[in-house]
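> In this note's numbering, each number is its position in the sequence shown, counted from 1, plus 21.
We put the CB at the ideal spot given by N, CA and C, even for glycine.
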Amino acid sequence: MARSNQRRCVYCGSHDSPTIDHVVPLSRWREVGVRRRVLDNASNRVVACLQCNQEKGAMLPQEWFDLHPEYRERFVKKAKYISNLVKEIAGL
Ligand SMILES: [Zn+2]
22 MARSNQRRCV YCGSHDSPTI DHVVPLSRWR EVGVRRRVLD NASNRVVACL QCNQEKGAML
82 PQEWFDLHPE YRERFVKKAK YISNLVKEIA GL
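This is the structure we're talking about:
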């Protein structure tokens, strides 16, 4: 059970095709005003299903949650370990 939960998409809850997603995309480090290595870090990585990961692409969390407001609550619950800095950038 714990194992399958860990592999569950933090956005939509799907167990299908788990991938690693960067909550704040690495490509947008300049824009969010941090060093790239701050984002290339476990505290910015979550499990997301392939479909969400592909759809999210290089969106910032705000852009993603504007598109899918229903994903925000699960994300906030499941992604407690993400850093305060990432949370701040994500507007959480
Ligand atoms: Zn998903």
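Go through the region 37-66 residue by residue and report every complete run of the beta strand (DSSP E) that reaches 3 residues or more, in order.
If we require 3 residues or more, the beta strand (DSSP E) runs fully inside the region 37-66 come out as 39-43.
> Using only the alpha-carbon positions, how far apart do Glu52 and Asp37 sit?
One C-alpha to the other measures close to 32 Å.
> Hey, would you say the C-beta of Gly78 is under 8 Å away from at least one heavy atom of ligand 1?
Incorrect: Gly78 has no Cβ contact closer than 8 Å to ligand 1.
> Hey, quick one: how far does the alpha helix (DSSP H) through Arg29 stretch, first residue to last?
Counting along the chain, Arg29 falls outside any alpha helix (DSSP H), and DSSP gives it neither H nor E.
> I'd like to confirm the pairing. Which residues does DSSP put opposite Cys70 in its beta bridges?
Beta-bridge pairing links Cys70 to Pro39.
> What are the boundary residues of the alpha helix (DSSP H) that Pro82 is part of?
Taken as a continuous stretch (DSSP letters only), the alpha helix (DSSP H) holding Pro82 covers Pro82 to Leu88.
> Flag Gln72 as yes when its Cβ comes closer than 8 Å to any non-hydrogen atom of ligand 1, and as no otherwise.
Yes, the beta carbon of Gln72 sits closer than 8 Å to at least one heavy atom of ligand 1.
> Count the C-beta pairs between the region 66-80 and the region 34-50 that are closer than 8 Å, then say yes if the count reaches three, no if not.
With the cut-off at 8 Å, the region 66-80 and the region 34-50 touch.
> Out of Tyr102, Lys108 and Ala100, point me to the one whose CA is closest to Gln83's CA.
Cα-wise, what sits closest to Gln83 is Lys108.
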